[in-house]
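Here's the structure we're looking at; comments come further down.
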Amino acid sequence: MEAWLQHHRLTKDATRLARDVHTPPARGSGNDQEPQKSDKVLVAFEAEDCHSPREWPMRWKLFYITIIWCLVFVTGWSSAADSTAHETADIALHVSEVSESLATSNYLFGVAIGAVFAGPCSETVGRLTTYLSTFAVYMIWVMDSALTPNFGAQIVFRFFAGLFASASMSTYGGSMADMLEPKDRALIWPFFALSPLLGPTVAPVASGWIAQDLGWRWVDWISLIISGAAFVLAVLCLPETFSPILLSSKAAALRKATSNDRYTSEFDESARPPQKLLDNLRRSVYFITRELTTVSLRALFDLFGFLEGFDYVFSDTYVFDLGQRYSAFGAIAFGMVVGLPYVLLFNHFSGSSKSNVDPPPEQKLRPTLLAAPLLAGSLFWLGWTNRATISFWSDLSACWVFGFTIMALFTATYHYLLDSYGTNAASAMAAITFMRYMASGGMVLATEPMYEALGVQWSMTLLGCVAALLAPVPWVFWWYGDKIRARSKWAFSQDEALSD
1 MEAWLQHHRL
11 TKDATRLARD
21 VHTPPARGSG
31 NDQEPQKSDK
41 VLVAFEAEDC
51 HSPREWPMRW
61 KLFYITIIWC
71 LVFVTGWSSA
81 ADSTAHETAD
91 IALHVSEVSE
101 SLATSNYLFG
111 VAIGAVFAGP
121 CSETVGRLTT
131 YLSTFAVYMI
141 WVMDSALTPN
151 FGAQIVFRFF
161 AGLFASASMS
171 TYGGSMADML
181 EPKDRALIWP
191 FFALSPLLGP
201 TVAPVASGWI
211 AQDLGWRWVD
221 WISLIISGAA
231 FVLAVLCLPE
241 TFSPILLSSK
251 AAALRKATSN
261 DRYTSEFDES
271 ARPPQKLLDN
281 LRRSVYFITR
291 ELTTVSLRAL
301 FDLFGFLEGF
311 DYVFSDTYVF
321 DLGQRYSAFG
331 AIAFGMVVGL
341 PYVLLFNHFS
351 GSSKSNVDPP
361 PEQKLRPTLL
371 AAPLLAGSLF
381 WLGWTNRATI
391 SFWSDLSACW
401 VFGFTIMALF
411 TATYHYLLDS
421 YGTNAASAMA
431 AITFMRYMAS
441 GGMVLATEPM
451 YEALGVQWSM
461 TLLGCVAALL
471 APVPWVFWWY
481 GDKIRARSKW
491 AFSQDEALSD
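Going by UniProt numbering, the first residue of the sequence shown is number 1, and it counts up by one from there.
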């Protein structure tokens with residue numbers, strides 16, 4: 001609905017747009033001559049153009065961002081909700097609990113693979129088309145998962161649910177970059193970052209009790225219900241935000257209003273959609289395999305896969321029941337919420353939210369300088385105090401610190417990518433999403449055998465050692481980030497970052 005109104009406004013204003021667009025003189029003629037009929041006129045946004053997403057009123061930007069927040073939250077919810085149903089679903093489907101964990105891992109693998117295509121698709125056909133088309137198909141697969149007749153069908157349904165959920169989970173950064181100036185992102189992005197973090201963290205709290213009291217199928221039904229509510233809101237209210245698509249529509253409106261085919265856009269003059277998609281796919285693969293920034297920073301998120309074995313920490317040592325042990329995820333969620341003002345404080349003092357001059361992207365990494373070593377400390381804390389003779393409140397406190405550090409690391413590094421890659425942010429974040437969810441999917445299959453073989457103490461110690469080895473990564477980018485960006489053909493240079 002909002003997309004149709006957006007197109008209608010462009011068409012209705014075409015006559016005014018025709019007067020506003022600057023028409024360059026014909027080649028080889030004086031400046032006072034009219035352009036020849038065959039000259040192409042590239043359409044661009046004028047100063048304070050109301051059709052430019054960055055010129056929209058802030059209240060509408062926040063409304064649209066909230067809708068995208070909901071899409072990301074519910075797809076993240078669905079990624080973790082099924083993990084709480086393993087103990088009941090495995091009995092109903094006649095498989096082992098480890099086998100049943102494939103339902104969760106396949107969803108995550110689907111998200112990872114879909115992310116490779118989601119970013120390029122959003123940069124080829126637009127953000128809105130990508131969001132709505134993939135989200136509708138995602139809901140069909142979630143419904144199929146709720147109705148699954150057997151284990152084989154379930155893991156197939158979950159894979160395709162994740163595949164189509166990936167568009168919402170990997171391209172939201174592009175939408176943020178479309179609408180917000182860097183100084184606005186410094187304030188708004190930390191609030192938005194709660195969505196992809198809280199979804200998979202809060203879902204087990206509710207789904208643990210749902211699976212225990214209502215049955216495992218209701219876990220998927222609840223996911224479908226909240227997804228449907230978010231989808232209706234998006235269909236009715238969400239507009240297109242990708243500037244090349246909007247400029248293409250603006251050029252089409254001008255051609256119609258003036259009966260003159262000279263008006264075009266860079267998007268229209270570039271390669272045809274199939275070639276655009278292929279070029280964008282190549283860029284995503286490049287980000288995954290060769291872009292030093294994305295390859296290095298994604299390693300910090302591999303430890304987020306620790307959540308997949310989180311329930312074992314409390315069921316093995318403290319003998320919590322299903323609902324109780326998944327309620328412990330609330331400690332991580334609480335830490336994430338507490339981490340929000342920590343990030344906002346650093347953003348404020350970095351100058352990005354109080355000055356007209358945008359600082360270099362490396363300033364966004366300040367919260368990670370402390371959070372990275374704290375991440376290792378929280379894992380050591382959890383492992384070394386996980387004993388029946390020590391209160392479970394100690395472990396919950398360690399989980400609180402873990403949530404705090406994940407919030408700081410996630411928000412700051414993704415913000416760094418947004419400011420570093422601009423219009424290519426969707427591809428950069430899609431690459432991070434691919435690597436993060438491939439690692440998480442593997443952790444789903446590996447964590448329970450690891451905990452059973454090593455025990456909670458040694459498993460947490462192992463993860464803590466890995467986190468300690470990764471702790472210097474943010475410092476490397478803090479000191480040498482400008483040089484690393486200078487070597488990239490997709491990132492902004494220092495001067496471009498400052499003048500974005």
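For each residue, glycine too, the CB sits at the ideal point set by N, CA and C.
Where residue i falls, given that 16 or more other Cβ within 10 Å makes a residue buried
i	result
Phe-402	buried
Thr-411	buried
Thr-130	buried
Arg-158	buried
Gln-275	exposed
Asp-261	exposed
Arg-59	exposed
Ile-225	exposed
Gly-30	Since pLDDT at Gly-30 reaches only 44, below the 50 mark, its modelled position is unreliable, and the value read off the structure follows with that caveat. With fewer than 16 Cβ atoms within 10 Å of its Cβ, Gly-30 is classed as exposed.
Thr-389	exposed
Leu-345	exposed
Trp-381	buried
Val-116	buried
First through last residue of the alpha helix (DSSP H) which encompasses residue i
i	result
His-348	329-349
Arg-59	58-81
Pro-474	473-486
Pro-120	102-122
Cys-237	217-237
Leu-214	No alpha helix (DSSP H) contains Leu-214, which DSSP labels as neither H nor E.
Residue closest to residue i, alpha-carbon to alpha-carbon, out of the options
i	options	result
Ile-484	Ser-227, Leu-292, Leu-370, Val-41	Leu-292
Leu-277	Pro-474, Val-43, Val-125, Met-460	Val-125
Ala-468	Ser-440, Leu-382, Ser-249, Pro-373	Pro-373
Val-156	Asn-106, Thr-201, Gly-199	Asn-106
Arg-366	Ala-103, Leu-462, Val-476	Val-476
Leu-203	Ala-177, Ile-91, Ser-223	It is worth fixing the name first, because residue 203 is Ala in this sequence and not Leu. Measuring from the Cα of Ala-203, the nearest candidate turns out to be Ser-223.
Phe-160	Pro-190, Ser-79, Ser-52, Lys-61	Ser-79
Gly-330	Thr-201, His-51, Ala-44	Thr-201
Ala-251	Asp-39, Leu-462, Val-43, Thr-461	Val-43
Ser-459	Asn-386, Thr-294, Met-435	Asn-386
Asp-321	Gln-212, Ala-471, Leu-375, Pro-57	Gln-212
Gly-441	Trp-77, Thr-66, Ala-103, Trp-141	Ala-103
Contacts around residue i, its chain only, beta-carbon distance under 7 Å, and the 5 residues preceding and following it disregarded
i	result
Asp-49	Glu-55
Ser-378	Ala-398, Val-401, Phe-402, Thr-405
Val-137	Phe-164
residue 501	The structure shown does not extend to residue 501, since the chain is modelled only from 1 through 500, so no value can be given for it.
Arg-487	none
Ser-327	Val-205, Gly-208
Ile-210	Trp-218, Val-219, Ile-222
Met-143	Leu-224
Rounded distance between the beta-carbons of residue j and residue i, thought under 8 Å
i	j	result
Pro-120	Asn-280	3 Å
Ile-247	Phe-267	Note that residue 247 is Leu in the sequence shown, not Ile. With 8 Å as the limit, Leu-247 and Phe-267 qualify as a contact, their Cβ atoms being about 6 Å apart.
Thr-264	Val-41	7 Å
Val-456	Leu-108	Not really, about 23 Å apart at Cβ, beyond 8 Å.
Leu-396	Val-235	In fact, because the Cβ distance is near 40 Å, the residues do not count as touching under 8 Å.
6 Å CB neighbourhood of residue i in its chain, flanking five on each side removed
i	result
Leu-409	Leu-300, Thr-368, Ala-371
Ala-491	Ser-420, Tyr-421, Arg-485
Pro-24	Summary for Pro-24: the model assigns pLDDT 42, below 50, so the residue's position carries little reliability, and this model does not support an answer.
Gly-481	Glu-362
Ser-427	Gly-119, Arg-283, Ser-284, Phe-287
Val-95	Phe-151
Lys-489	none
Ser-195	Trp-69, Val-72, Phe-73
Tyr-437	Leu-108, Val-111, Ala-112
Other residues of its chain near residue i: CB distance less than 8 Å, five sequence neighbours each side excluded
i	result
Glu-448	Glu-97, Val-98, Ser-101, Gly-309, Tyr-312
Asp-90	Ser-96, Glu-97, Ser-99, Glu-100
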